[in-house]
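Notes to accompany the following structure.
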Amino acid sequence: AMAKPVLMTSSGCLHINPGDHEFGVSIQPEKASAWTSAMKQILDNPDQAKRFGKNGRKIASEELSVSVFDRKVVDFIHEIIE
20 AMAKPVLMTS
30 SGCLHINPGD
40 HEFGVSIQPE
50 KASAWTSAMK
60 QILDNPDQAK
70 RFGKNGRKIA
80 SEELSVSVFD
90 RKVVDFIHEI
100 IE
């Protein structure tokens with residue numbers, strides 16, 4: 020949401036790969052050196068970092084906003100009722 024590139028490791032809670040959606044870099048869990056590599060990649064590629072940030076902001080506003088979450092909850096409740 021802050022229009023910054025994301026460095027993210029898989030936690031099992033959020034099923035989105037930042038590399039697949041071009042908003043950041045996915046890092047393998049328990050690989051400390053991968054964090055260093057990812058940070059270096061972002062620092063060495065300012066145009067890529069800007070693009071990742073822009074893409075992340077778009078995803079946050081279009082897919083992860085409060086209004087989208089609210090709509091999904093309402094849709095889910097309607098689905099249960101039906």
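Numbering follows the working numbering, with no gaps: position 53 of the sequence shown is 72. All C-beta atoms, glycine included, are put in the ideal place defined by N, C-alpha and C.
- Check the Cα spacing between residue 73 and each of 36, 42 and 63: the tightest is with 42.
- Cα atoms of residue 24 and residue 95: separation of roughly 31 Å, rounded to the nearest angstrom.
- Under DSSP, residue 26 shares a beta bridge with 44.
- Secondary structure at residue 65: helix, using DSSP grouped into helix, strand and coil.
- With a 10 Å radius around the Cβ and a threshold of 16 neighbouring Cβ atoms, residue 20 comes out exposed.
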